[in-house]
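Undergrad: In the numbering used here, the protein residues as written are 10 to 239.
In this text, a Cβ means the ideal position worked out from N, Cα and C, and glycines have one as well.
One structure, as structure tokens, below. Some questions next.
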Amino acid sequence: MAVAITAQGLGKVFNGTAAVDRLDLAVEPGELLALLGPSGSGKTTLLRLVAGLEAPDAGRLLFGEEDATRLAARQRRVGFVFQHYALFKHLTVADNIAYGLRVRPRRTRPPEAEIQRRVGELLDLVQLNGLGKRRPAQLSGGQRQRVALARALAVEPRVLLLDEPFGALDAQVRRDLRRWLRDIHERTGHTTLFVTHDQEEALELADRVAILNRGRLEQIGTPDDILDRP
Ligand code: ADP
Ligand code: ADP
């Protein structure tokens, strides 16, 4: 299920400036890699390239052995969680989580009983048991991001992309969610790219940290490699 992601000379130019500048990067299957860097360093553009929401101007992108750039966004099977909750406000929590399964063509759509079962499992996983009938407006910010993660996981993604998912939350909630996300990751084992500009968050969460600057990879390593700790 979890695939390696390989970028080879991957580039994206906007208005004559490289947002992602011929980047080489190898993410291992099941790895949680944090992309750390200042605003404008190309983190979101890299995620959008991986998701198929942008087309590269240069280079190659592989999922396992497969050329991902040949696949449309829908075919890549990525789960995406954004900083600002992209939940449907008129749908219940359960229906938000089921959304990606229900919109599938009939041929690949699971039967409704199977969808219900999977939603139950996911509510369990993200610790929102009993809240399936609520609407997003009746949840806290942290709870909404847990729904967003459950929705991303519902489609059994090959790759999980998280773009500053805790960026809009207050410090204590962020800390709790970090530990929670780490725990979920150990249990589900998705290849995960986690964008943040918070160094502490990157070092605490990630297997490895990639530091981006002006669209280039400045450094990559484990938290111990990156930090000069005694
Ligand atoms: P980060 O996520 O690290 O803040 P981004 O990937 O959002 O960085 O942006 C990298 C650079 O690319 C910035 O200079 C940004 O203004 C530019 N950029 C990103 N998306 C677009 C776009 N759709 N059109 C034009 N420029 C863009
Ligand atoms: P972030 O830095 O958190 O990624 P931004 O506010 O920079 O968010 O970008 C939000 C959206 O606007 C993204 O889809 C990005 O691709 C786009 N964008 C960013 N910079 C530019 C730009 N200079 N011109 C046009 N679109 C941009």
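Along the chain, where does the alpha helix (DSSP H) that runs through Lys52 open and close?
TA: 52-60
Undergrad: Between the alpha carbons of Lys142 and Gln136, how many angstroms are there, rounded?
TA: 14 Å
Undergrad: Is the stretch 138-157 close to the stretch 23-40, with three or more CB pairs under 8 Å?
TA: no
Undergrad: Report the residue from Leu62, Phe175, Val12 whose alpha carbon sits nearest the alpha carbon of Tyr94.
TA: Phe175
Undergrad: Can you list, in chain order, the residues of its chain whose CB lies under 7 Å from that of Val46, leaving out five sequence neighbours each side?
TA: As written in the sequence, residue 46 is Gly, which differs from the Val given in the question. Excluding sequence neighbours, Gly46 sits near Lys52, His206, Ile220, Leu221, Asn222.
Undergrad: Spatial neighbours of Gly198 within its chain, please: C-beta separation below 7 Å, excluding the five flanking residues on both sides.
TA: Cβ neighbours of Gly198 within its own chain (closer than 7 Å, five residues either side excluded): Ala11, Gly39.
Undergrad: Are there any heavy atoms of ligand 1 lying less than 7 Å away from the beta-carbon of Leu60, as far as the coordinates show?
TA: Per the sequence presented here, residue 60 reads as Ala, with Leu not at that position. No, since every heavy atom of ligand 1 falls outside the 7 Å radius drawn around the Cβ of Ala60.
Undergrad: Can you list the residues near ligand 1, meaning Cβ strictly closer than 5 Å to any non-hydrogen atom, in the order they appear in the chain?
TA: Phe23, Ala28, Ser48, Gly49, Ser50, Gly51, Lys52, Thr53, Thr54
Undergrad: Apart from the five residues on each side of it in sequence, which residues of its chain come closer than 6 Å, Cβ to Cβ, to Gln228?
TA: Ile220
Undergrad: Would you check if the distance between the CB atom of Asp33 and the CB atom of Leu226 is smaller than 8 Å?
TA: Result yes, Cβ atoms of Asp33 and Leu226 sit closer than 8 Å.
Undergrad: Would you call the stretch 84-101 in contact with the stretch 118-131, where contact means no fewer than 3 C-beta pairs closer than 8 Å?
TA: no
Undergrad: Taking 8 Å as the cut-off, does the stretch 160-168 touch the stretch 101-116 (at least 3 CB pairs, one atom from each stretch)?
TA: Yes, the stretch 101-116 touches the stretch 160-168.
Undergrad: Can you name, in chain order, every residue of its own chain whose Cβ lies under 8 Å from the Cβ of Ala215, other than the five neighbours on each side?
TA: Leu41, Leu42, Ala43, Phe203, Pro232
Undergrad: Just how far apart, CA to CA, sit Glu63 and Leu140?
TA: 35 Å
Undergrad: Do Leu70 and Ala60 count as a contact pair if the criterion is CB distance below 8 Å?
TA: no
Undergrad: Is it buried or exposed, Ser50, if we count other Cβ atoms within 10 angstroms and call 16 or more buried?
TA: buried
Undergrad: Starting from Leu41 and walking both ways along the beta strand (DSSP E), at which residues does that stretch end?
TA: In the DSSP assignment, Leu41 falls within the beta strand (DSSP E) that extends over 41-45.
Undergrad: So, using beta-carbon positions, are Leu56 and Asp172 closer together than 8 Å?
TA: yes
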